[in-house]
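A short write-up of the structure that comes next.
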Amino acid sequence: MITKVTSRNNKITPVDLLTQKFGSKIILGDFSDAVFSDATFKNVIGIANLPMKAPVMQVLLENCIVLEYVKQFMTNQSVCFVDDGKQFSIVLEDGKKIEVPQDVDKAIRATVGDVKHWAGYLTEDGEHVIDLLKPAPGPHFYVNLLLGNRLGFKRTLQTTPKSVVDRFGRGSFRSHAATQVLATRFDVRQEENGFPANRQFYLYENGKQIFYSALIDENIVEATCKHLCNRTVIKYKTACNLEITRTIFLVPHKKGFPLATELQRIEVKNASDKARNLSITYMGMFGTGATHAIFEDVTYTNVIMQSAALYNDKGEFIGITPDYYPEEFKQDTRFVSMIVRNGDKKSFPQSFCTDYNDFIGKGTLEHPSGGYNLNNKLNRKGPGFFALGSPFTVEAGKTVVIDTFTGLSSSKDNENYSDAIMCNELENLLSYFEKSEAVEETLNEIINFHENYCKYFEFQTGNKLFDSGFNKNLSFQILYQTFMSRSFCQTQKGYREIGFREIQDMFASMYYFINIGYQEFVRDLLFEWTANVYKMGYANHNFYWVGKQPGLYSDDSLWLLQAYYRYIVYTKDTSVLNEEVPVADGNNEKRAVRDTLKAIIQYSACISVGDHGLPLLDHADWNDCLKIDNNYIDGATKEKLYYEQLKKTNGKYGDRFVSDHSESVMNAFLLKLAIDHLAEIAALDQDAKLTQEMSELSKVIYNRIQEHAWKENFFARVLLNRYKDGSYTYLGAKGDKLSDDPNIDGVYFLNSFSWSVLSDVATDEQIGIMVDTIKKYLLTKCGLRLISPADLNKLAHDTATGHYFFGDRENGAVFKHASMMAAAALVKAAKKVKDNELAKEMTRIAYFMVDLVLPYKNLENPFQVAGNPRICTQYINTETGENIGPLLSGTATWLNLTLISLAGIEYIKEGISFNPILREEETQLNFVLKAPKCSYKFSISKPAGFARMESSEYELLIDGKKADSAIIPMFTDEKEHTVTLQFK
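Residues 28 to 1011 (our numbering) make up the sequence shown, in order.
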């Protein structure tokens, strides 16, 4: 009988088997590694006493010296290498120990001694320095994100360019929305974001290939990559005495430039004592305009285009562009050009190739047959491959610089667009960068922008990795996500659009933008989201130039009120409420922002509600996989049926839409918070009537939640209305009968706790009960689970439990976006609950979760936790502890918000509500905060142990004077103010 063994039901791992067989014979140490010696899983080859968890055996067995030696011992037994101090030995199963030969010892010692350096290191400025000769911990670990800058130009949200770059400079590049300039790689491998030729180049000497930028061969002596904020620098040293440096970044937009341009500077230094006659071939693959056809008809994407060469007014060949036949694809024109700088001389490429097959010939991408002698042939069809070649001589001790420009011009940036506009814009670009100094100046412009952007909030803890991780890298990820939503990173390489609920990224980034003078830009972003709300109050779930999936996900529009609240409370700009913004219905209809916000409340609190008066779940809410109602309807369908209902029943607008659909308790919390926010906004706007209406409605929603959603030990997640026999009435608390673990009395959802606290619904008593429940069922060594074991297949067929193994994504993973929402809730509750021990426990859990999410901590155990040491990833698998992508999620935003809350900063209409909670072991915290018209230097000190303003004695000084309250004014005097808090 055939049996099937899977990675999950094969409970014995190689290290487990190693421990069984050798644990009593030798000291294995804190870390060991092993691999099965064959497919029977009966024997292993292992190594003991490693400095960290890493795939050491895999690397050792790639060494032919080690492999040939160990083979002689592998027959029907396991073996383990162990270091006796002076010499490695191999230990057999019977306990016999044999010293390995000197060459084997040397190979093992060199590998083991290098393990701690495999994942690279972070500099004090948060730069990730990577050795290209070392193995990768995971698909995201060695990745960087790059962002263009179109602030001050039109359609900024949609048109800001973005790039993904791995440690070899591979990846892809987008211009506006999901338009690829360099092609993505539609592949099942997470490791490949872009077509592998992208941004790569070869060097030839006397016709012989001596270097390929994505290949580590015998000519490479040293190779490092440094990922920095918004740029990547890769360096190589060769055995033939060349020093090669690559710097990759996106060019900030200037008037008259192409919409998007990526620049790679390649510097080739001759470190030998003689002149070198070299040639460079630079290549890549343009993205296709016909993205829909990639899935259906690749031939179509090829035959609708031809290649074209570009020449300047001197007749010099300067680059390549794809030429499309269909008019719709002529609206975006891609290009590549290259400048070779040799001393005072400047030249353009001398040859080209546009056929990938001709280029590769009988060779490979690493060693193409046609890479040196490019055939200068224009191809009648695609795909959009390009290679540019140029010979050059580099004198001894000198450096030749090659600047490559890859980009796109578009009708999105120009009315009456044509190829002539692209030619003009490319000419402007090349003219601007005619002098080499312009490249350095542009790079400095990028660096200076980010340094200025980061100044809104800067920690000064003395922990350089934490400070740079927050001040530089986290702030950049939030900046990137403001434009990208979740649509483009290493593994998000398809055509996902901007999600409405991803306005959450603005919750953090708006403060950074406002403090560098871009308040008007923040307003415009708010209006762009507002324009995706329909007249009735539901929103498009996704959008680029047009929206789609109207009202499909019920939480979307509710997030908008949190964004407006943060903006108005911070800036006191209530005029934004009077701005006329289009509604998503079309027909050129507009209405005031305040009316859109009121419509959202009416829709979610009065119309789209269930039997208990709470908002309907619809297709799903924030949790995309909580698809409980198979017969869900979208907003447009609901609107049609609603008006039919009113007509049939002679009802009035504002009556409930009658259905037996499920109700989202999380949405109820979001609704309660949205109502409270609108009440405060109205108060700032001196709208007493609206303030009163919202205050009364808030009490109604609060009472409904408490009456129907509290279930003894937790708030339910969903109220179920379709089971008339009462078999299931709710999901997400004790007694729901949906647990997939017989030892757990119900299913528990982390968000039910988080948003009950963040919306000020949960009482102190309920918070204490829920924290106890969380500790029992959701708190793991890997962090706070999103959900306890559940069998949602009893309710529906398209939920998380039907898609994922338990421990992955929405099915029981530490979904870090939600975990940081929970951390924010724990911090908020810890500041206000009366029970000091409960406050202490919540603070401990919050900091525990923060430490699991901080990216730089991934370097402590990189080959187990993976992730990325500069950029947050989406979730942690609760079985393995691996940090799994994608890179873009709400994790970064809510980590930022949580850390700022822990530092004590909360903006209210009266100013800054200051209420910090430090770690128990911390005795000092300093940070700088920038406001639009002043700045603050905060200093917090305390004895070791738990302290909070609710229950501890303290002294608060503002500019050296004792403060009467913990509300700090938002000064407008353009001065720096000091805030000193001393716990006693």
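Virtual Cβ for every residue (Gly too), placed ideally from N, Cα, C. Keep in mind it's a predicted model, so treat the numbers as computed, not measured.
**Q.** Segment limits, beta strand (DSSP E) that includes residue 619
**A.** Here residue 619 is taken as the residue at index 592 of the sequence shown, counted from 1. Going by DSSP, residue 619 is part of the beta strand (DSSP E) stretching over 617-619.
Q | Closest residue to residue 766 among 732, 804, 746 (Cα-Cα distance) | A | To locate residue 766, count along the sequence shown from 1; it is residue 739. The shortest C-alpha separation from residue 766 is found at 804.
Put residue 145 into one of helix, strand or coil per three-state DSSP.
Position 118 of the sequence shown, counting from 1, holds the residue named residue 145. In the structure shown, residue 145 sits in coil (DSSP, three-state: anything other than H, G, I, E or B).
In the DSSP assignment, the alpha helix (DSSP H) including residue 305 goes from what residue to what residue? The residue labelled residue 305 in the question sits at position 278 within the sequence shown. First-last for residue 305: 303-312, but that is the beta strand (DSSP E), not the alpha helix (DSSP H).
**Request:** With DSSP collapsed to three states, give me the class of residue 297.
**Result:** In the sequence shown, the residue the question calls residue 297 occupies position 270. Residue 297 falls in the strand class under three-state DSSP.
_Member of 99, 578, 52 whose CA lies at the smallest distance from the CA of residue 64_ = Counting from 1 along the sequence shown, the entry for residue 64 is found at position 37. Of the candidates 99, 578, 52, the one whose C-alpha sits nearest the C-alpha of residue 64 is 99.
query: Taking Cβ positions, are residue 505 and residue 587 nearer each other than 8 Å?
result: Mapped onto the sequence shown, residue 505 falls at position 478. Mapped onto the sequence shown, residue 587 falls at position 560. Cβ atoms of residue 505 and residue 587: not closer than 8 Å.
For residue 455, three-class secondary structure by DSSP:
By 1-based counting over the sequence shown, the position of residue 455 is 428. Residue 455 falls in the helix class under three-state DSSP.
- Item | Residue of 949, 748, 509, 680 minimising C-alpha distance to residue 178 | To locate residue 178, count along the sequence shown from 1; it is residue 151. The option with the nearest alpha carbon to residue 178 is 509.
- Query: Less than 8 Å separating the beta-carbons of residue 180 and residue 280?
  - Reply: Sequence index remark: in the sequence shown, residue 180 carries index 153 (1-based). Sequence index remark: in the sequence shown, residue 280 carries index 253 (1-based). Contact flag set, yes.
Within 8 Å, do at least three Cβ pairs link the stretch 188-203 to the stretch 165-179? With a cut-off of 8 Å, the stretch 188-203 and the stretch 165-179 count as touching, because enough Cβ pairs lie within range.
* Asked: Would you report the Cα separation of residue 603 and residue 550, rounded to the nearest angstrom?
  -> Within the sequence shown, residue 603 is the residue found at index 576, counting from 1. Within the sequence shown, residue 550 is the residue found at index 523, counting from 1. Cα to Cα, the separation comes out at about 7 Å.
* How many angstroms separate the CA atom of residue 305 from the CA atom of residue 204? -> Here residue 305 corresponds to residue number 278 of the sequence shown, with the count starting at 1. Here residue 204 corresponds to residue number 177 of the sequence shown, with the count starting at 1. Between residue 305 and residue 204, the C-alpha separation is close to 39 Å.
With three or more beta-carbon pairs closer than 8 Å as the criterion, would you say the stretch 444-452 touches the stretch 355-369? The answer is yes - the stretch 355-369 touches the stretch 444-452, with three or more Cβ pairs under 8 Å.
Worksheet entry | Cβ-Cβ distance between residue 346 and residue 363 below 8 Å | Mapped onto the sequence shown, residue 346 falls at position 319. Mapped onto the sequence shown, residue 363 falls at position 336. Yes, they are a contact pair.
Tell me whether residue 737 sits in a helix, a strand or coil according to DSSP, three-state version. Mapped onto the sequence shown, residue 737 falls at position 710. Three-state result, residue 737: strand.
Q.
Tell me the rounded alpha-carbon separation between residue 546 and residue 511.
A. Working through the sequence shown from its first residue, we reach residue 546 at position 519. Working through the sequence shown from its first residue, we reach residue 511 at position 484. Answer to the nearest angstrom: the Cα atoms are 19 Å apart.
Fill in: beta strand (DSSP E) runs contained entirely in the stretch 107-162, provided each spans 3 or more residues
115-119, 124-126, 155-158
Paired residues, beta bridge with residue 61 - DSSP
For this step, residue 61 is matched to residue 34 along the sequence shown. DSSP, once it has assigned bridges, lists 73 as partnering residue 61.
Legend entry - Assumed close pair residue 954, residue 484 - CB separation to whole angstroms, cut-off 8 Å: On the sequence shown, position 927 is the one that residue 954 refers to. On the sequence shown, position 457 is the one that residue 484 refers to. Right, the Cβ-Cβ distance comes to about 7 Å (below 8 Å), so this counts as a contact.
Tell me the rounded alpha-carbon separation between residue 72 and residue 136. On the sequence shown, residue 72 is found 45 positions in, with the first residue counted as 1. On the sequence shown, residue 136 is found 109 positions in, with the first residue counted as 1. Computed Cα separation, rounded: 17 Å.
How about residue 314 and residue 420: are their beta carbons less than 8 Å apart?
Within the sequence shown, residue 314 is the residue found at index 287, counting from 1. Within the sequence shown, residue 420 is the residue found at index 393, counting from 1. No, Cβ-Cβ distance for residue 314 and residue 420 is not below 8 Å.
Could you check if residue 896 is buried or exposed, using at least 16 other CB atoms within 10 Å of its CB as the buried criterion? On the sequence shown, residue 896 is found 869 positions in, with the first residue counted as 1. Counting Cβ neighbours within 10 Å, residue 896 comes out buried, since at least 16 surround it.
Checklist entry - Per the contact definition of three or more C-beta pairs closer than 8 Å, is the stretch 239-251 in contact with the stretch 318-330? => result no
Can you grab the Cα-Cα spacing for the pair residue 933 / residue 859, in whole Å? Your numbering for residue 933 matches position 906 in the sequence shown. Your numbering for residue 859 matches position 832 in the sequence shown. If you take the alpha carbons of residue 933 and residue 859, they lie about 14 Å apart.
On a Cα-Cα basis, can you pick out the residue from 617, 599, 596 that is closest to residue 606? Translated into the one-based positions of the sequence shown, residue 606 becomes position 579. Here the closest residue by C-alpha is 617.
Worksheet entry | C-alpha distance - residue 439 paired with residue 567, whole-angstrom precision | Within the sequence shown, numbered from 1, the residue matching residue 439 stands at position 412. Within the sequence shown, numbered from 1, the residue matching residue 567 stands at position 540. Cα to Cα, the separation comes out at about 22 Å.
### Query
Can you tell which of 49, 405, 37, 917 has its C-alpha closest to the C-alpha of residue 535?
Indexing the sequence shown from 1 puts residue 535 at position 508. Residue 535 has its Cα closest to that of 917, out of 49, 405, 37, 917.
Hey, which unbroken runs of the beta strand (DSSP E) at 3 residues or more fall wholly within the stretch 634-661? none
Practice item. Flag this pair as yes or no: are the beta carbons of residue 978 and residue 950 separated by less than 8 Å? Key: Numbered from its first residue, the sequence shown carries residue 978 at position 951. Numbered from its first residue, the sequence shown carries residue 950 at position 923. Cβ distance not < 8 Å, so residue 978 and residue 950 don't count as in contact.
Where residue 444 sits in the DSSP three-state scheme: As a working mapping, residue 444 is identified with position 417 in the sequence shown. Note: residue 444 maps to coil in three-state DSSP.
- Query: Nearest CA to the CA of residue 297: which residue from 864, 706, 317, 272?
  - Reply: Reading the sequence shown from its first residue, position 270 is the one you call residue 297. Ranking the options by Cα distance to residue 297, first place goes to 272.
Return the chain-ordered list of same chain residues with a C-beta closer than 8 Å to the C-beta of residue 903, the five sequence neighbours on each side being excluded.
One-based indexing of the sequence shown puts residue 903 at position 876. Contacts found: 809, 810, 840, 841, 843, 879, 892, 909, 910, 911.
So for residue 496, helix, strand or coil by DSSP?
Walking along the sequence shown from the start, residue 496 turns up at place 469. Looking at residue 496 - three-state DSSP - the assignment turns out to be helix.
Just the C-alpha distance for residue 291 and residue 228, rounded to the nearest angstrom, thanks. Looking up residue 291 in the sequence shown gives position 264. Looking up residue 228 in the sequence shown gives position 201. Rounded to whole angstroms, residue 291 to residue 228 spans 11 Å at the Cα level.
query: Which of the three DSSP states, helix, strand or coil, is assigned to residue 665?
result: On the sequence shown, residue 665 is found 638 positions in, with the first residue counted as 1. Helix, per DSSP.
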